[in-house]
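The listed protein sequences correspond, in order, to chains A and B.
First residue of the first sequence: 16, per the numbering used here; consecutive thereafter.
First residue of the second sequence: 146, per the numbering used here; consecutive thereafter.
Below you'll find the structure, written out as structure tokens, and then a few comments.
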Amino acid sequence: MNKIRFILIQNRAGKTRLAKWYMQFDDDEKQKLIEEVHAVVTVRDAKHTNFVESDEVFRNFKIIYRRYAGLYFCICVDVTDNNLAYLEGIHNFVEVLNEYFHNVCELDLVFNFYKVYTVVDEMFLAGEIRETSQTKVLKQLLMLQSLE
Amino acid sequence: MGRGPSPLTQRLLLLLLRRAASAAPDKMPAVSKGDGMRGLAVFISDIRNCKSKEAEIKRINKELANIRSKFKGDKALDGYSKKKYVCKLLFIFLLGHDIDFGHMEAVNLLSSNKYTEKQIGYLFISVLVNSNSDLIRLINNGIKNDLTSRNPTFMNLALHCIANVGSREMAEAFAAEIPRILVAGSVIQLLAPLSAADQPIRAVVLVVLHHGQREGVVTAATSLITTLAQKSPDDFKTSVSLAVARLSRIVTSASIDLQDYTYYFVAAPWLSVKLLRLLQCYPPPEDAALRGRLTECLETILNKAQEPPKSKKVQHSNAKNAVLFEAISLIIHHDSEPTLLVRACNQLGQFLQHRETNLRYLALESMCTLASSEFSHEAVKTHIETVINALKTERDVSVRQRAVDLLYAMCDRSNAKQIVAEMLSYLETADYSIREEIVLKVAILAEKYAVDYTWYVDTILNLIRIAGDYVSDEVWYRVIQIVINRDDVQGYAAKTVFEALQAPACHENLVKVGGYILGEFGNLIAGDSRSSPLVQFNLLHSKFHLCSVPTRALLLSAYIKFINLFPEVKATIQEVLRSDSQLRNADVELQQRAVEYLRLSCIASTDILATVLEEMPPFPERESSILAKLKRKKGPGNLPDIDDTRRSVNGNTEHNNNNTETTAKVSSDLLALSPAPSAGASLLVDVFSESSAPAAADVYEDNFARFVCKNNGVLYENQLLQIGLKSEYRQNLGRMYVFYGNKTSTQFLSFTASVGSPDPLNTHILHPVDPTVDGGAQVQQILNIECLSDFTEAPVLNIQFRYGGTLQSIAVKLPIMLNKFFQPTEMMSQDFFQRWKQLGAPQQEVQKIFKAKHPMDTEVTKAKIIGFGAALLDGVDPNPANFVGAGVIHTKSTQVGCLLRLEPNTQAQMYRLTLRTSRDSVSQRLCDLLSEQF
């Protein structure tokens, strides 16, 4: 019943910077999906939509993605889900990362991968958008940061 | 990247680019604050600086060996080291390498009392441990401890872990625990994957939806309720009023109330979307006040879309439109407020020309569903030019695909020619990935809305010419089925394929269609010397050698049909069949056909040949195989339902033009000699026959009336024989399965069964029954039925057989009556009364007042009207006790729209039945049939 199937952050070269799965896939399937997502989003430009539906690859899913410099933020949801809500869900998430890491860059995500998971868990839970207030999320993250 | 990036995004972009440029070789990032793990950062740097895959693997193996020795070492590791090493293992795993140790250390971290150590332990578990791990008991223990720790941060970690792992075992283990935590009123969010609709959860989440002060909690709770409501809608009905109240507060509030949840000047967009989604689990609220409040919310959302934007940023418009699109989804889901539907359509129409590709795409998608609502279908159609333009100019193929979908959904009789033409012209340049789907759609629309079938044939041949490779078998089978079933188009089809085959290069699918059609109907154009039999044959045969085996096999069959149609080319064709390349063909199928056809043409008399190669009988009417294929391709949910029985009633006037012609035909038939033995005639035959058996002096019709409202059952039974029926009807065609059961233990000999039909009916027995029917056995006979024009007299089934030396004759009236060719038609009250008035001429109406023969039960009556074949229309008649129905009688020559009204009077135990149709004979017959049922 999950709405979000997975969240992926990849760079242009196809390196995964974050993979968060909300549905059971085995390792081979995960790898295949990662490669397919990379293949479909990197060929698109500004005249294209931010949505990819592909019958062959994603069946009943669609990818909603947004590119920030060299990074692609991708969310995979049901074909019936609200595209724009997830598109802005991505942006909301990126703005939180940007605040949290003080102007986030790809390297922050690499070296602090374990913290990125915490940010994701604060904003998304069990495949649902959960907390959308940047103020609240950042407050909670700073509190956690202060703990040992 | 979205268009028009905000200043913030632009800054972000620049920054990311600058940093990326200076990234190699790595410097340590600045973020290593107090909690950082220096060893981890060094390791990550090392990996990133590896020049090759081999170097990376070497470095990783070295690290794995190091960690392994630390874990196995005698010295107990402190929490920090354990955390660091587990984190390194996790990093290695995320790089794509297998990890086969360290799980125990990770689980140990759960019992640490430091947040950072616990967090890494939980993270490792949720990424790496699968639910059937043997560590699950230990993990559950750790979670349990944290849940009961009263430390909100630890509880939070434990809950996240349950949600992330999301396994059934874990859900079951903590199903009782979690609602308790929620009730305790802590700040903890809850959305564990507990789909079991436990009583406590239900109560709690509804309370949250009602009173929750924090929008974040409400957001999470709404998702949970939506999930639960989809499973058991009745249990969560109360959520509708709560959701409307919430929504109304958000939509009407000044954004100051929801400051934390205002995103680019839009109040709580995600929560609004979720509430609107929750409401889509339910029909429109019945309570008028609630309904009014919801309508008000939806209107406000639509109004806001017209207001000038509060910000130029794309985030603002996206958030606003996310809510708008969800509101439109709800409006479409309810499909009950014409004004809202039309407003939604106008709003989407504006988006069709928006500069944002995303919006154009979403507007096309959303309009597709609007097109299937009868309230907005016409409004959608006004945008046809814009949609066609999108097909021509959009750069993103997925947007063009949506445009195709929308054209398909908005297509009806009025615009079919234009839409099909546009789709065909788009097909020439269409993306390969969507060609097949467009081909299917064109084929379906061309068939569905064909008024004259020459247009249909032209369209399909064009399809084959433009996109032959994408024309699947279903498509060319279908054109052949249709040509065979409609004799008015056969000559045209033969002429057109003949011309199309003249092209120097034509697609193999065209050769298939051409071979089949000329083989069946080549005679229709053979009179013209330019398409004489020999010319036709030479044309087909010139393509033969370029074709695949299945096509060649089809052509061979066409050749033998030519021998039958045109004796003058027999010698030429025999010579071709006799050649080594046919008779000794390496392909078994081709060789066999050549040998058999050659022999057949040599030994069979013209009569036998004519019988063997008789024109194909009409195909039984069934769902278009193309439609079935498209449904398979798109999945059932994605195909806009364009079933247009509703519109075919309006289109009925076109068919009525044929009326005069039909009447003429019927009357000329009356003058002709009837070939079918009528009941009277068979009586005479029986009297004079030598039969000594008790001749069926009468046509048995006791059970006839029982079949008026049903299609299956026992038609006849005596001591020897039972006759059962199963039948199905579609439009003007029907098929009846007749089962003859021998009730005795002795064989029936010389068993025959034949049908005598009145002229307006064509009945055709597919298989003659075997002349012997063993004792206790049942044999089946299939009867194809075609209704040519309206009729009163039913066909008679004549059965004869020998039982113990005596000849038995039985004649039974077959329950094939006019109402079997009814197609139900749904319509709204307004349409009904408009049509009712149109059919006001005195001869069009037949009325009967009669006494009830059965108890007057509403449900039984409804079932009977539906069984009769009409659509039962609810809420049309101002008096709820009355029944009204509508449908169309399909005959080959015409379609007759029928309206009926049944008014029961329970006090008097009487009914009044009124039938109005465009033909008096139909009104009369239907009234007679139906009035006997109550």
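Beta carbons: idealized from backbone N, C-alpha and C, even for Gly.
For B/S895, the secondary structure class from DSSP, reduced to helix, strand or coil, is strand. When DSSP states are grouped into helix, strand and coil, B/P430 belongs to the coil group. The residue among B/Q983, B/M972, B/K982 with its C-alpha nearest the C-alpha of B/V1021 is B/M972.
At least one CB atom of chain B sits nearer than 9 Å to the CB of A/A34. Residue pairing by DSSP places B/E931 opposite B/L878, B/N907 in a beta bridge. Going by C-alpha positions, A/R82 is about 42 Å away from B/E619. The beta-carbon distance between B/Q1078 and B/K982, rounded to whole angstroms, is 27 Å. This is too long to meet the 8 Å contact definition. When Cβ-Cβ separations below 9 Å define contact, B/F236 makes contact with chain A. A/L156 has a beta carbon lying at 9 Å or more from every beta carbon in chain B.
Within the same chain, and ignoring the five residues on either side of A/T147 in sequence, the residues whose Cβ sits closer than 7 Å to its Cβ are N107.
Using a Cβ-Cβ cut-off of 8 Å, B/H305 is close to D136, L140 of chain A, given in chain order. By alpha-carbon distance to B/A566, the top candidate from B/C1072, B/D576, B/W600, B/E539 is B/W600.
Within chain A, the residues placing a beta-carbon under 7 Å from that of B/Q460 are E103, H106, ordered along the chain. Scanning B/A997, B/N856, B/L952, B/T937 for the CA closest to the CA of B/T1051 turns up B/A997. Distance from the Cα of B/F893 is smallest, within the candidate group B/G901, B/L866, B/V310, for B/L866. Beyond the five residues adjoining it in sequence on each side, B/N848 comes within less than 8 Å, by CB distance, of G858, V859, L860, Y861, P960 in the same chain, given in chain order. In the DSSP assignment, B/M1055 is bridged to B/K996, B/N1050. Boundaries of the alpha helix (DSSP H) around B/P483: 483 to 496. Under the Cβ criterion (8 Å, minimum of three pairs), the stretch 476 to 491 of chain B counts as touching the stretch 440 to 454 of chain B. Here B/F520 carries a coil assignment [DSSP, helix/strand/coil].
Using a CB distance below 7 Å, the part of the stretch 462 to 474 of chain B facing chain A consists of N463, A464, N466, A467, F470, E471, ordered along the chain. By the CB criterion at 9 Å, B/F520 and B/D550 fall outside the cutoff. Here the C-alpha atom of B/P1000 lies approximately 35 Å from the C-alpha atom of B/L906. With respect to A/E114, A/L153 sits close: the two C-beta atoms are nearer than 9 Å. Within the stretch 931 to 994 of chain B, the runs of alpha helix (DSSP H) that reach at least 4 residues and sit entirely inside it are, in chain order, 974 to 983. Straight-line measurement puts the Cα of B/K871 at about 7 Å from the Cα of B/V883. Contact check between the stretch 622 to 639 of chain B and the stretch 562 to 582 of chain B: fewer than three CB pairs, one atom from each, fall below 8 Å, which does not count as touching. Cα atoms of A/H53 and A/R27: separation of roughly 8 Å, rounded to the nearest angstrom. Assignment of alpha helix (DSSP H) within the stretch 413 to 468 of chain B, counting only whole runs of 4 or more residues, yields 414 to 424, 433 to 451 in chain order. DSSP, reduced to helix, strand and coil, places B/K871 within a strand of the structure shown.
B/G1032 has B/P969, B/C1043 as its beta-bridge partners, per DSSP.
CA-to-CA, the gap between B/S890 and B/V914 works out to about 19 Å. Per DSSP, reduced to three states, the secondary structure at A/V67 is strand. The stretch 676 to 683 of chain B makes contact with the stretch 711 to 719 of chain B, as at least three CB pairs between them are under 8 Å.
Close CB contacts of B/E592 within its chain, under the 8 Å cut and outside five residues either way in sequence, are with Y601, R623, I627, S769, I771 (chain order). Judged by DSSP in its simplified three-state form, B/V624 adopts helix.
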